[in-house]
Each structure stands twice: as structure tokens, then as C-alpha cells.
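Chains A and B supply the protein sequences, listed in that same order.
The opening position of the first sequence corresponds to residue 1 in UniProt numbering, with each subsequent residue numbered one higher.
The opening position of the second sequence corresponds to residue 1 in UniProt numbering, with each subsequent residue numbered one higher.
Here a beta-carbon is modelled for each residue, glycine too, at the ideal position from N, C-alpha and C.
What you are looking at is a predicted structure, and each value in this text was computed from that prediction instead of being measured.
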Amino acid sequence: MSVSVMVVDDHPMWRDGVARDLAERGFEVVATAADAESAVRIAKAVRPEVVLMDLNLGEQSGVSATQGITAALPDTRVLVLSASGEHNDVLEAVKAGASGYLVKSASAADLVAAVRETAAGNAVFTPGLAGLVLGEYRRMAAAPAGSEPAPELTERETEVLRLVAKGMTARQIATRLTISHRTVENHVQSTLRKLQLHNRVELARYAIEHGLDAEG
Amino acid sequence: MREHPSVPGTVRQEDPATPFWRGTVLLRIVTLVFAVNTIWFHQNDYKMPGLAWLVAGVMTVWTGVLTYFYGREDGRRGWLVVTDLVLSCALMFSSIPIVGADQLRLQAPLITTLWSSGPVVAGAVHGGRTWGIVFGCLVAASNLFPRGYFDVYLAEDTVLLIGAGLVVGIAADGARRSAERVRQALRAEAAAAERERLARSIHDGVLQVLARVRRRGLEVGGEAAELAVLAGEQEIALRALIATGPVATTPDGETDLRPRLQLLTTGRTQISVPPTQVLVPVSTATELDAAVREALSNVDKHAGEGARAWVLLEDLGGELVLSIRDDGGGIPEGRLAAAEAEGHLGVSQSIRGRVVDLGGTVDLTTGPGEGTEWELRVPVGRTK
Chain A
1 MSVSVMVVDD HPMWRDGVAR DLAERGFEVV ATAADAESAV RIAKAVRPEV
51 VLMDLNLGEQ SGVSATQGIT AALPDTRVLV LSASGEHNDV LEAVKAGASG
101 YLVKSASAAD LVAAVRETAA GNAVFTPGLA GLVLGEYRRM AAAPAGSEPA
151 PELTERETEV LRLVAKGMTA RQIATRLTIS HRTVENHVQS TLRKLQLHNR
201 VELARYAIEH GLDAEG
Chain B
1 MREHPSVPGT VRQEDPATPF WRGTVLLRIV TLVFAVNTIW FHQNDYKMPG
51 LAWLVAGVMT VWTGVLTYFY GREDGRRGWL VVTDLVLSCA LMFSSIPIVG
101 ADQLRLQAPL ITTLWSSGPV VAGAVHGGRT WGIVFGCLVA ASNLFPRGYF
151 DVYLAEDTVL LIGAGLVVGI AADGARRSAE RVRQALRAEA AAAERERLAR
201 SIHDGVLQVL ARVRRRGLEV GGEAAELAVL AGEQEIALRA LIATGPVATT
251 PDGETDLRPR LQLLTTGRTQ ISVPPTQVLV PVSTATELDA AVREALSNVD
301 KHAGEGARAW VLLEDLGGEL VLSIRDDGGG IPEGRLAAAE AEGHLGVSQS
351 IRGRVVDLGG TVDLTTGPGE GTEWELRVPV GRTK
């Protein structure tokens, strides 16, 4: 069965180009959206397997759309497509539940491979994202301890993330560390999961502290 | 001494010390009234009352002159402040013939009384704490000398004069510094807003077209594919450029290392950085930037056709780690040493030299077919 994909981008030219690329390679593009609000609404209706999310959605941010989609649809995976260098947005989107990040200038072949990986439940990490995640863990470790203990990387996870950030593929890393390819994937995913969990806990605490959890 | 930093394209800001100058003028007028009253009160005790009234006239005229010039930004000149000091001290010394040495020894006030504290304040406002202290010392000396004795009251005068110079000087320095900071912040804000406007326009227009050309060109193939590759290279460079923050400097002479490195992004070079600022002194940033460029140009020259490179910047708190890795052919054993022996100092000089000068270390891992990886470790003296 072909993978169902939804494309979110505020530029029609880009959106249609990507949609056609994916359709030509056997993906089923079930919907497109141009802004954060309709992205969440449409995604809830069509329940795609993968959402390709642009972070630069004009006035609104793709981060909030990512948050909305992953919260409502636990089986839907969000792959962020963005210009390189939008550090904080990319990191925020990943914390909000995106399972991968690809630069917009990536080739069509890379894009297709990334969508396939995402649909298969793997994290798609560019070296850039690995650098951001590494830096984020170090920032949290250096920051004064809050009421919620910050997640930490194991030594092995740090090692794997550093190698990803230096451009090595999962296979190369597996060879270098003499572990299995699957183990490398697990390490990478675990670094994301810990960040996302921490983010959810923080958000929940914020909501409780500010009375946003009140019924009605 | 005092410069007016001019901001290109903006109106020049008001002198941040203007309120201090107003205060200086006010002090001068109030103390003049005090001085003239004192002369009127003591005129019958003076040796030379006529000359005393002449001094009163000079003080009045000079106070008027200062009120005029200190009231305008271009009138607050160093030479005027110094002239004020010299004139005031001279008038203080004129107390010797006018009041008479005997009277002075009996604790009669100097002819200028409080009016002569004015130059100390003006000097401190004009030149900051150093001027304030120097002016304070000179006026205090002129306050002591004509009297020919020293007691606890004169000691108090001395401390007050020098202390006033110091305190007003510190305040004036502080006002100028904070005004400069505000100015820098405003400038940075304006630059960021302008940058955002440009970035949005590029993102909405040029980039969409380039991306389209790249995708379509590759599909069509042939000559169009060549155009697509060119468009793709420009797309990557342009995206890196607009996504990168401005290369700005903080008032403490530090700069974020990340934007400099990110500008090195190309179709074959990826840069990975932490999500938060990596502040280093500008000189350190320049050296590291140059070292990374050298390593990357080495990749271009020697790693072989189609080799890709990755740069990773890590901030470990007290230490920065920069890794530059390529997937090229690697450097055969002995090749670097041989190059050095032949006098090609490129790699060793530019990378090792720069990093060692910063107190860091360089680690090179390479081998035939394994690519090359540089790891530069540089200590940063930060408390953060």
C-alpha cells in the first residue's frame, strides 16, 4: 500500500512541485494546506501517515501546526522541511513532535528517501539537526536545574549524535562503533523521544501553573 | 576626548551628558549669587574692595559666557573647560592681595567661595572620572595655597572637591556608555528588521523560482539539468545567507561564531551548530573562521571530485570543539610532513598555528580512503 502524504507549505509553486514529485514516485498525496490552522484541521480529517511541514508559514509557524497534528494524531508522523539555519524553529518543531528534518534544498531523491524512512517510523536526521539536538542537551545540562530534571544523553547517544552531525550515515556509524544498524537508529530515536517527552512535561506543567487545564 | 558616534543614515543623537551640562550651568549661577553676596557682606573687611567688585564682575561675565557655550552641544569644548579651570584658579589666587594674607589666615573665605567648585564639575562632565579627579586636585590645591594653613575644614573641602570630581565623572562616563549601548541595540534592531524584510522577499520570490528550476531541470535532463545544478547551488547559498543571522558584535567585543560558519554552507558543505549563541571574542571568531576555511579549501583541493564536507561546532562550556570532516580520499601517510618539508605551510601554518595561538589543540585523523577529519579544540575563558 502506498504511503499517504500531506504537504503543508504557503507557496503554491513549491507545494505543487513537491506533491508531483511524490505522486510520480508512488506516494499518495492526500491533501495540501497553506497555513497552520487549516493544516491541523485537514490533517485531522484525512489522517495522513506523513505530513511534510514547512516551518515558514507566513504569519503563523509550522511549529504550532506540528504540535497540533502530533497531539491529535499519534500515528501521523511529521517531517519538517525547512531552510537550513532556522535553528530555533527546527528544534522547537522537533520538540513538538516532528520526527525528522530535511533542508528544503535537498534533492528529490533525498526527499523521497526521507518520506519513506519517516513512514517506516525512523527518525530522519540531517547533520544540522544532530548538531542542534546535541547543543540543546548541553544547554539543558548547563542551565540551572528546574523543578523537572532535564533529560541527559548517554555516552553512546552522544557519540552517535556527534557522528551523525559530522555527516556519517547510520551504516557508517554502525561500522565505526561495531554495533548494528538498528541499534544506531534506536539511539538516534531515543534522543528525540527524550526531548519530546521533556517538552510535553514542561508544557503540561506550564498549563497547570497558569490554570490552562481548567475544564471548559 | 568626547566623540559623537555618528550612525549612518540616522539622525545624530543628543549628547547623553546634556543634563549634566545643564546641572553644571545651574550650579555656576547659584554659586555666583552666593559669591557676590559674600563679597557684598565682606566688602568693608577687604584690603582692595574695588578689585573685589572687579572679580565679581569677571565671575558674572564668565558665568554668562559658560551658560551660553555649555548650553549648546558644539560649545562644550575641552579648551573652554580648561580655560574655566585656569581662570577660576587665578581668581582664587587673587584673594591674596584682595582679602589680605592676614585675613585669610583668620579663616576669611576666598573671594570666589563656592563658585570655584564649578570647573571640577565641568571637567568631570566633559572628560569623565580622570578629568574629574585631576580638576578636583588642582582646585583643591588652589583652595589651600592662598591661605597658608591647613585644618580640618580645609581637609573637608579637599575631600569634597576631589570626591565630587570622581563621582560626577563616573556618572558622566556611565551615561555615555549606556547611551552607546542603547544606540547599538537600536542599530541592531533596525538591521534585523531590514534583514527580515529582505529575507522574506527573497524567500517568497527568487528562492521559489530557483527551487522550481532545480526540480524541473533535473526532470527534463540534458542541458536543463546543468542549469538545474547551477540553480541548486545558488539556492543553497541564498538559503544559507537569508537564514543566517547578521554577523554582529556585542558591546563587550564578543560575537556569535555561528553565522560566520554558516555562511560557508555550499551544496557540498554542511554546517552544524548548537541552537544557542556561541559567543567568543571577535579575534577568536576570525581565527577559527579562517582555520575552518583553510580546512575546507583543503578539501576542495585534495579530497577529490565530489567529496563532501561537514563542519560541526560544539560548545562544551569552557571549550569549543570544531570538527571538519570530509568523505574524500584522505591524506596519505607522510603527505603532510612532506608538504611541510617542501615549504608548503598552508595546512600546518593556517590551522595548527591559528589554533595553537588560541591555546587550543588540533587533532588530525586521516588515512587513504577514509577521508580526513580535523578536530580543533579551543578553550574559551567563559564563566557561563
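- With a beta-carbon spacing of about 5 angstroms, residue 310 of chain B and residue 270 of chain B fall inside the 8 angstroms limit used to define contacts.
- Straight through space, the alpha carbons of residue 204 of chain A and residue 230 of chain B are spaced by roughly 48 angstroms.
- Those residues of the region 21-33 of chain A placed with their C-beta closer than 8 angstroms to a C-beta in chain B are 21, ordered along the chain.
- DSSP places residue 168 of chain A outside both helix and strand once states are collapsed to three, so it counts as coil.
- Using a CB distance cut-off of 9 angstroms, residue 270 of chain B counts as an interface residue toward chain A.
- If you ignore the 5 residues before and after residue 21 of chain A, its C-beta comes within less than 8 angstroms of the C-beta of 108, 111 and 112, all in its own chain and listed in chain order.
- Interface criterion not met: the Cβ of residue 32 of chain B is under 9 angstroms from no Cβ in chain A.
- Our two residues, residue 89 of chain B and residue 67 of chain B, have alpha carbons roughly 19 angstroms apart in a direct line.
- By the Cβ rule, the region 110-120 of chain B counts as touching the region 82-101 of chain B, because three or more pairs are nearer than 8 angstroms.
- In the same chain as residue 158 of chain B, and ignoring 5 residues on each side of it, the C-beta atoms closer than 8 angstroms to its own belong to 140, 143 and 144, in chain order.
- For residue 6 of chain A, the enclosing beta strand (DSSP E) begins and ends at 4-8.
- In this structure, residue 182 of chain B sits away from residue 20 of chain B, with a CB-CB distance that is not shorter than 9 angstroms.
- Think of a sphere of 8 angstroms around the beta carbon of residue 310 of chain B: the chain A residues whose beta carbon falls inside it are 127, 165, 166 and 167, in chain order.
- Runs of the beta strand (DSSP E) spanning 3 or more residues and lying entirely within the UniProt domain "Response regulatory" (4-119) of chain A occur at 4-8, 28-33, 50-54, 77-82 and 100-103, in chain order.
- Using a Cβ distance threshold of 9 angstroms, residue 68 of chain A and residue 98 of chain A do not count as a contacting pair.
- With respect to chain B, the C-beta atom of residue 132 of chain A has a partner C-beta closer than 9 angstroms.
- Residue 319 of chain B has B/379 as its beta-bridge partners, per DSSP.
- Chain-order list of chain A residues neighbouring residue 314 of chain B: 131, 134, 135, 138, 162 and 165, by C-beta distance under 9 angstroms.
- Taking residue 39 of chain B as the centre and dropping the five residues before and after it, the same chain places the C-beta of 52 and 56 closer than 6 angstroms to its C-beta, in chain order.
- In chain order, 79, 100, 102 and 124 place their CB closer than 7 angstroms to the CB of residue 114 of chain A, counting only its own chain and leaving out the 5 sequence neighbours on each side.
- Rounded to whole angstroms, residue 99 of chain B and residue 31 of chain B show a C-alpha spacing of 19 angstroms.
- What residue 323 of chain B touches in chain A, judged by beta-carbon distance under 7 angstroms, is 166, going in chain order.
- Close partners of residue 88 of chain A in chain B (Cβ separation under 7 angstroms): 275.
- In this structure, the CA atom of residue 323 of chain B is about 7 angstroms from the CA atom of residue 166 of chain A.
- Residue B/15 holds the alpha-carbon nearest to the alpha-carbon of residue 180 of chain B among B/331, B/15 and B/369.
- With the criterion set as a beta carbon lying under 8 angstroms from some beta carbon of chain A, the members of the region 182-204 of chain B are 203 and 204, in sequence order.
- The three-state reading of DSSP puts residue 259 of chain B in helix, counting H, G and I together.
- Put simply, the CB of residue 293 of chain B is far from chain A, with every gap to its CB atoms at 9 angstroms or more.
- Rounded to the nearest whole angstrom, the CA to CA distance from residue 360 of chain B to residue 376 of chain B is 7 angstroms.
- Excluding five sequence positions before and after residue 34 of chain B, the CB atoms of its chain that fall closer than 8 angstroms to its own CB belong to 113, 114 and 115, given in chain order.
- By the beta-carbon neighbour count (other beta carbons within 10 angstroms, threshold 16), residue 207 of chain A is exposed.
- At a cut-off of 9 angstroms between beta carbons, residue 236 of chain B contacts chain A.
- Distance from residue 132 of chain B to residue 166 of chain B at the Cβ level is roughly 5 angstroms; contact confirmed, criterion being Cβ atoms closer than 8 angstroms.
- The straight-line gap separating the alpha-carbon atoms of residue 159 of chain A and residue 222 of chain B is approximately 43 angstroms.
- For residue 67 of chain B, the three-state secondary structure derived from DSSP is helix.
- As computed with DSSP, residue 157 of chain B is found in no beta bridge at all.
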